[in-house]
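*Asks:* Residue numbers (my numbering), protein chains in the order written: chain A, 5 to 335; chain B, 86 to 595; chain C, 1051 to 1199.
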Amino acid sequence: MRRNWIGTTSMRLAVGMALIAVLVVALSGLAAPSWQPTRPIEFVAPYAPGGGSDVLARTIASIVEAEKLSPVPLIVVNRVGGGGTVGTTYVAGKRGIPHILLTYISGQVSAPLMAPGAATWRDLTMIARLAIDEELIYVRMDSPYKTIKDIVTAAQQRPGAVTIAGTATGQEDHMVTRLFERAAKIKLRYVPFRSGGEVMAALMGGQVEMAWANPNEAAPQWEAKQVRAIAVARETRLPAMPDVPTFREQGYDVTFKMFRGIAAPPEIPPEAVAFYENMLKRMTESSRWKEGYLKRYMLTDAWMGSKEFTAFVAQQEEVFRRILKELGLIK
Amino acid sequence: MELLQNLYTGFSLAVSPTNLLFAAIGVIYGTITGALPGIGSVTAVALLLPLTFTMNPTTALIMLAGIYYGVAYGGTITAVLINVPGDSSAVMTTLDGYQLALQGRAGPALSIAAIGSFIAGTISTIILMGLAPPLAKFALRFGPPEYFALAILAFSLLTAFEGRQPIKIVVSTLLGLLIATVGLDVVSGLPRFTFDSPQLLGGISFVTVIIGLFGIGEVLSSVEQEMRLDFLRAKFRLRDVFPTWQDWIASRWAILRGTIIGFLVGILPGAGATTASFLAYLSEKRLSKHPERFGRGAIEGVASPESANNAACIGAFAPLLALGIPGSATTAVLLAGFMIWGIRPGPMLFQRNADLVWALIASMYIGNLMLVLLNIFFIPAFVAVLRIPYTILMPLIVVFSTMGAFSVNNDLFDVWLMLGFGVLGYLMKKLDYPVAPMVLALVLGPFAENSLRQAFIISGGSLSIFFTRPISAVLMGLAILAYLYPLIRWAVKSVRQVTTAATDLISARR
Amino acid sequence: MWFADLVGGVIVLLLGAAVVILSRQLPYHAEYGPGPGFLPFWLGLGLIACGAVILGEVVVRRTRYRGAFFQGGTWRVGLLLASLIAVILLVPLLGLAIGLGLFTAFLMRTVGRHNWALCGLIGVLTVFGIRWIFGSWLQLPLPTGILGW
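#1: Between the alpha carbons of B/L548 and B/A164, how many angstroms are there, rounded?
#2: Can you look up B/Y426 in the DSSP assignment and give me helix, strand or coil?
#3: Report yes or no: is there a C-beta of chain D within less than 9 Å of the C-beta of C/Q1075?
#4: Taking 9 Å as the threshold (beta carbon to beta carbon), is C/L1008 in contact with chain A?
#5: List in chain order: all unbroken alpha helix (DSSP H) runs of 4+ residues lying wholly within the stretch 421–480 of chain B.
#6: Please determine, among A/I266, A/G200, A/K150 and A/L284, the residue with the shortest C-alpha to C-alpha distance to A/D247.
#7: Our contact map puts B/G171 next to B/G159 with C-beta atoms below 8 Å; I'd like the distance itself, whole angstroms only.
#8: With a cut-off of 8 Å on the beta carbons, I'd call B/L286 and A/G85 a contact; round off their distance for me.
#9: Could you give the distance in angstroms between the alpha-carbon of A/P148 and the alpha-carbon of A/G209?
#10: So, does the CB of A/S66 fall closer than 9 Å to a CB anywhere in chain B?
#11: Tell me which residues share the same chain as B/A449 and place their Cβ nearer than 6 Å to its Cβ, disregarding the 5 neighbours each side in the sequence.
#12: At what residues does the alpha helix (DSSP H) containing A/A49 begin and finish?
#13: Should A/L31 be labelled buried (16 or more other beta-carbon atoms within 10 Å of its own) or exposed?
#14: Classify A/W125 as helix, strand or coil using the three-state DSSP reduction.
#15: Within 9 Å of any Cβ in chain B, is that where the Cβ of C/Y1078 sits?
#16: May I ask you to report which of helix, strand or coil DSSP gives A/A306?
#17: Would the stretch 1064–1078 of chain C count as touching the stretch 573–590 of chain B if we require 3 or more Cβ pairs under 8 Å?
#18: If the criterion is Cβ atoms closer than 9 Å, does the pair A/E46 and C/P1191 meet it?
#19: Taking beta-carbon pairs under 8 Å, can you tell me which members of the stretch 35–50 of chain A lie near chain C?
#20: Return the first residue and the last residue of the beta strand (DSSP E) that A/A215 is part of.
#21: Could you work out which residues of chain B lie near A/L333, taking near to mean beta carbons separated by less than 7 Å?
#22: Could you give the DSSP three-state label for A/P196: helix, strand or coil?
#23: Using CA atoms only, rank isn't needed, just tell me which of B/K370, B/E369 and B/T344 is closest to B/I393.
#24: Quick check: the stretch 314–323 of chain A against the stretch 155–167 of chain A, are at least 3 beta-carbon pairs closer than 8 Å?
#25: So, at 7 Å on beta carbons, what are the nonlocal neighbours of B/I410 in its own chain, with the 5 sequence-adjacent residues on each side left out?
#26: Hey, is B/G427's beta-carbon within less than 9 Å of any beta-carbon in chain A?
#27: Would you mind listing the alpha helix (DSSP H) stretches within the stretch 198–274 of chain B that are 4+ residues and don't spill past its ends, in chain order?
#28: Could you check where the beta strand (DSSP E) with A/V82 kicks off and where it finishes?
#29: Just to make sure I have the definition right: I need the residues of chain C whose C-beta is within less than 7 Å of the C-beta of B/F278. Which are they?
#30: Under the DSSP definition of a beta bridge, which residues are partnered with A/K236?
#31: Could you spell out where the beta strand (DSSP E) holding A/R264 opens and where it closes?
#32: Do A/G265 and A/T107 count as a contact pair if the criterion is CB distance below 9 Å?
#33: Using a C-beta to C-beta distance shorter than 7 Å, which residues of chain B count as neighbours of C/G1085?
#34: If you draw a straight line from the C-alpha of A/G33 to the C-alpha of A/L284, how long is it?
#35: Assuming the contact rule is C-beta atoms closer than 8 Å, B/R347 and B/G400 should be a hit. Round their C-beta distance to whole Å, please.
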C-alpha cells in the first residue's frame, strides 16, 4: 500500500514537472530566447571539405553571419573519418557544453550501428532538420536501360550480376539499393567507392552499369546529357527534374530520405536548444538559404524542430537497422 | 588559331589588377600554409573558400587555384630545411633534400625544386590547355583493375630501395600496409583494428605518420648526437643559393620525366600528387646510373618529386574542368566552390564559361611565374633558418610538428599518434630499418587493396578482369616484368657466360 | 647493438602473431574475392616470417654488430619525450600554446644551456606565435587551459 502511495505521489510530481517544463519551453519559444552564446561556436562538419556536410556547415555559418542571427560567429571545423563517426563522437563527448554544433545527416544514424564505440543520436541533442536530399539511379546516355522495368528485367535474367555503384558500404546508397532489391524481389551487385566523385568517374568510364547519386552530384553530367536519370526514390517527382519519374510511378515502392540536420552535445540547457532552433528557423527563412542553397543543390525544404527531429531520427534508426540486418552487415 | 584567341582572352582577364592581386595573395598564402606541416592544400583552400562567396568567380578561382599549386611549392621548404614535409606530396623530397641541407646545400635544393616546379607547372598548363577533354576521357578508362595494376607496378619499384638487410625493407613495407588497414574498411564497411576507439575508426592519418616519422624521428636522432647540436649552421654564401652546372645536368631529365609522370597520375581521379611524387622519385632512382646516390643528397632526387607533385596539381584540373569530376580531395573543395559561385564545371563549362576557363589557365602561367620568383627571392631567408642554433631550432621543430599533427583533425589524439610514430622513426633509424618503404606502402596499400576488391566485385570473382582489359593487361605485364627483372638479368647473364664459354671452347679447339 | 636487433626481431614476430589472431575475427572471404580479413591475415604471416629471419640473422652474424644501443646523448632523447608527454598531459591545465611555450624554453635551457632571458623570450614568442598563426589566422579550435589561453 505504502509503495503505491509513493508511486502516485512521484507520478504526480513527474506530471507536474513535465507540465512546467512544457510551459517553460513554450514560453521561451514565444519570448526572445533567454540564452545567448557568449563565445564563438565550434561548428563541426564530420566529413571532408567539399562534401555535402561541409558545404551545409559553411553555408549556414555564412548566412548566420550575413543576416546577423547570432551574436557570435560560427567557426566550421572538419573532423573527418570513420563515415562521420569521428566528429560525431567528439561532439557527443562535450556533455553540457552549448557552444558546439554538429551537422547531422542520415549516414551518422546508420554508421554507429556498424561501428561499436561510436556515438548514436541518443548521445546528442537533436536541434533541427533542415533539408532532404534525394537518391536517384543514373545510367550512361548509351545504356540500354531506360526505365526501372528494364533494370528489373536485366536483374532477373542475370541475378546478382547487374552492377550498381554507390558511396561506401552500409551507408545511404547501399541501403537504398537494398530497398530497391526488396521491392522488386531482385538481387543487384553493389560496388562501393570512396566518394561521390569516384562513383561518377566509375559510371562515366563504364566500369559499372548504373550508379546512385544525388541530383547535385550528377548535375554536370546530367545537364550535358551524358547521363540519364532512371528514377528518384521519393514520394513525388523532384520539382527541379520534372521529367524523371519516381520509383512508385514505375510500380516499385522505394523511397529514401537523406536528411540534413543539426545536432548539439548532450544535456545542453533547453534555453540553448531554443536559441539554436530559433536561429536556424530564421536562417531557413532567408532568401540566401532558399535560393542560394536549397535551389542550387536541388534540395527539399524539410524543417523540423528539436522534438520532431528527435522522434524522426529514432524512427529512421529502426528503418536503417532493419535494412542493415537484411544486408547481413549487423546481427 | 582559336587556341591563341582563347589564350589572349584569358590573359587579358588574368592580368587585370584585381586578378593579379588575388593570384599573388593565393600563391603567397599557399606557400606559407604549404610550409606549415599538417596543413595541406585541402585545408588551405577550404579555409579561404567562405571568403570567396561574394567574390567574382573568376577572381575567386584564380586565387584558390593559386593556393593549390602554391602549397606544392611551400611543402618543399620545411621538407628540405628541417626534414618535416610541409605537405604530404613533399615526403619524397625529404629523402634527398634534407641530406643536401646537411651538406650545406639547402639553397641549390630549394632552387632546383622551385625551378623544376615552375617548368613542370608550365608544361602541364600547356598540356592542360590543349588536351584537357581527351585526357580526362582517357583517365576515365582507369577503373578498379587498372588502379590495382598501377599499384602493383608501383610496388615493384620498391626494389629500388636497398640496404644491408633486405628483410628490413620488407618489414618496413609490411608495417606500412598494416597501419593503412586501421579504421573503417571502405569495401566491407567493417572496422579493422580499431579496438572500439572512435578516433581510430577514422584510420591513422598519413600526415600524422609522416610528421612523426620524419619530423620527430629526426629530432630525436639528432639530439642524441653531441656534435650534431652545433653542426647544422649552414655555411651560407649567395653563390651557394643557386644550383651549379652539374646540378642542372643531373636534373634536366628528372624534371621532364617528373612532369610527365606527375601529370599522367594527376589526371586519374583515383590517385593524387603524393602518389605521383612517389612514382617519379622511384622511377628516377630505377633509371639512374648511380642509384646509390639517392637518399644521400642527390639533387635529381629533389627535382623529380617536386616537378611531379606540381604537374599532378595542374593535371587534377583536367577531370574537374572537362568532366565535373574531382580528381583529388582539393579539387573536391574547388568543385564545392564552383557550386557556391553558381557555376557547374563539366562538359558544358568550356561552352558556357569559356572566359573563366581561359582566365584560369592564363593565371596558372602567371601564378607559377610568381611562385618561382618569390621562392628564389626568399631562399636566402629560408636558408638563414638553418643558421639558428640547433638547440633553439629543435624545440621549435617539435612545436611546429605538434601543431601540424593537431591540425590534421583538431584533436590531441593525433599528437599522441605523432609522438608514437616519432619514437618508431627514431628506433627504425637506429636499427637500420628504412622508413621510406613504410610511407610508400601506407599510401599505395589502401589504393591496391580497395581496387583489388572492387575489381573482384565487378568481375564476380574472376581474375580475368586484370588481363582482358587492355590498359590493365599492359600495366600488369610491366609489373610482372619488373618483378622478374632481377631473375631475367641473372638468366641472361648466365646464358651469356655459357655461350662465351662455349665459343671460347670452340675457338680453343680450332 | 645485436641485442637491440634481437628485441626488434622478437617485437616483429609478436606483432605478426597478434595481427594473425586479430584478423581471424574479420571475414577472410567476401561475396566475391578477398574480404576485410584477407590482407591483415597475410600481413601477419609475413611479419612472423620476417621476424624469424631477423632473429636468425642476429644469431648467425652476432659478431658483425658494433656500437651500443644507448649512447651518451640518449638522455636527451628521453628528456625531450618526457617533456613533450608532460605538455600533452597538462593541456587541460595549461592549454596547448602555453604548454608548448614552456616546452621550448625548458628544452633550450636544459639541452642548449642558453641564458634564462633568451629562453623566456623565445618561449613567450612561441606562445604568441601559436595563438596568432594557428588560433587567429587558421582558426583552429586550440585547447585552452584554466587561464583561458
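Using N, Cα and C, we set each Cβ at its ideal position, and we do this for glycine too.
*Replies:* Inspection of the coordinates gives the following:
#1: On the second sequence, residue 548 of chain B is found 463 positions in, with the first residue counted as 1. On the second sequence, residue 164 of chain B is found 79 positions in, with the first residue counted as 1. Between B/L548 and B/A164, the C-alpha separation is close to 41 Å.
#2: In the second sequence, the residue the question calls residue 426 of chain B occupies position 341. Note on residue identity: the sequence assigns Trp, not Tyr, to residue 426 of chain B. Coil at B/W426, not helix or strand.
#3: As a matter of chain content, chain D is missing from the structure shown, whose protein chains are A, B and C.
#4: Beyond the ends of chain C as shown, which are 1051 and 1199, falls residue 1008 of chain C; an answer cannot be given.
#5: Counting whole runs of 4 or more residues, the stretch 421–480 of chain B contains the alpha helix (DSSP H) stretches 434–437 and 439–469.
#6: Here the question's residue 247 of chain A lines up with position 243 in the first sequence. Per the Cα distances, A/K150.
#7: Taking the first residue of the second sequence as 1, we reach residue 171 of chain B at position 86. Taking the first residue of the second sequence as 1, we reach residue 159 of chain B at position 74. About 6 Å separates the CB atoms of B/G171 and B/G159; that is less than 8 Å, so the two are in contact.
#8: The count along the second sequence starts at 1 and reaches residue 286 of chain B at position 201. The count along the first sequence starts at 1 and reaches residue 85 of chain A at position 81. Contact flag correct, Cβ pair sits at about 6 Å.
#9: For the purposes of this step, residue 148 of chain A is identified with residue 144 of the first sequence, where counting begins at 1. For the purposes of this step, residue 209 of chain A is identified with residue 205 of the first sequence, where counting begins at 1. Cα to Cα, the separation comes out at about 16 Å.
#10: One-based indexing of the first sequence puts residue 66 of chain A at position 62. Yes, because at least one Cβ of chain B sits closer than 9 Å to the Cβ of A/S66.
#11: Taking the first residue of the second sequence as position 1, residue 449 of chain B is located at position 364. Looking at the sequence shown, residue 449 of chain B is not Ala but Met. So the qualifying residues of the chain are T210.
#12: As a first step, residue 49 of chain A must be located in the first sequence, where it is residue number 45. In the DSSP annotation of this structure, A/A49 is not part of any alpha helix (DSSP H); the continuous beta strand (DSSP E) holding it starts and ends at I45 to A49.
#13: Residue mapping note: residue 31 of chain A aligns to position 27 of the first sequence, counting from 1. With a pLDDT of 49 at A/L31, under the threshold of 50, the modelled position of that residue is not reliable, and the figure given next carries that caveat. So A/L31 counts as exposed.
#14: The residue you call residue 125 of chain A lines up with position 121 of the first sequence. DSSP places A/W125 within a helical segment (H, G or I) once states are collapsed to three.
#15: Taking the first residue of the third sequence as position 1, residue 1078 of chain C is located at position 28. Not closer than 9 Å to any Cβ of chain B, the Cβ of C/Y1078 fails to qualify, so no.
#16: Residue numbering aside, residue 306 of chain A sits at position 302 when the first sequence is read from its first letter. A/A306 falls in the strand class under three-state DSSP.
#17: No, the stretch 1064–1078 of chain C is not in contact with the stretch 573–590 of chain B.
#18: Numbered from 1 along the first sequence, position 42 holds the residue referred to as residue 46 of chain A. Numbered from 1 along the third sequence, position 141 holds the residue referred to as residue 1191 of chain C. Going by C-beta atoms, A/E46 is nearer than 9 Å to C/P1191.
#19: E46
#20: The count along the first sequence starts at 1 and reaches residue 215 of chain A at position 211. Run containing A/A215: M214 to A217, per the beta strand (DSSP E) assignment.
#21: The residue given as residue 333 of chain A occupies position 329 in the first sequence. Neighbours of A/L333 on chain B, chain order: G274.
#22: For this step, residue 196 of chain A is matched to residue 192 along the first sequence. Reduced to three states, the DSSP call for A/P196 is strand.
#23: The count along the second sequence starts at 1 and reaches residue 393 of chain B at position 308. Checking the displayed sequence, the identity of residue 393 of chain B turns out to be Ala instead of Ile. Of B/K370, B/E369 and B/T344, the residue nearest in Cα terms is B/T344.
#24: Verdict: no, contact absent.
#25: Within the second sequence, the letter at position 325 stands for residue 410 of chain B. Hits under 7 Å: P354 and P404.
#26: In the second sequence, residue 427 of chain B corresponds to position 342, counting from 1. With 9 Å as the cut-off, B/G427 counts as an interface residue toward chain A.
#27: 229–241 and 251–266
#28: For the purposes of this step, residue 82 of chain A is taken as the residue at position 78 of the first sequence. Checking the sequence shown, residue 82 of chain A turns out to be Asn, not Val. DSSP places A/N82 in the uninterrupted beta strand (DSSP E) bounded by L78 to N82.
#29: As a position in the second sequence, residue 278 of chain B is number 193, starting the count at 1. Listed by position along chain C, the residues whose Cβ is nearer than 7 Å to that of B/F278 are L1072.
#30: The residue labelled residue 236 of chain A in the question sits at position 232 within the first sequence. Per the sequence shown, residue 236 of chain A should be read as Val rather than Lys. Note: A/V236 sits in a beta bridge opposite A/L140 and A/T250.
#31: Position 260 of the first sequence, counted from the first residue, corresponds to residue 264 of chain A. Counting along the chain, the beta strand (DSSP E) containing A/R264 begins and ends at M262 to A268.
#32: By one-based count along the first sequence, residue 107 of chain A stands at place 103. By one-based count along the first sequence, residue 265 of chain A stands at place 261. Closer than 9 Å, so yes.
#33: Reading the third sequence from its first residue, position 35 is the one you call residue 1085 of chain C. Result: S273.
#34: On the first sequence, residue 33 of chain A is found 29 positions in, with the first residue counted as 1. On the first sequence, residue 284 of chain A is found 280 positions in, with the first residue counted as 1. At A/G33, the pLDDT of 48 sits below 50, so the modelled position is not reliable; the number obtained from the coordinates is stated separately. The alpha-carbon atoms of A/G33 and A/L284 are separated by roughly 13 Å.
#35: For this step, residue 347 of chain B is matched to residue 262 along the second sequence. For this step, residue 400 of chain B is matched to residue 315 along the second sequence. It is Gly, not Arg, that sits at residue 347 of chain B in the sequence shown. Rounded, the Cβ-Cβ distance is 7 Å, consistent with contact.
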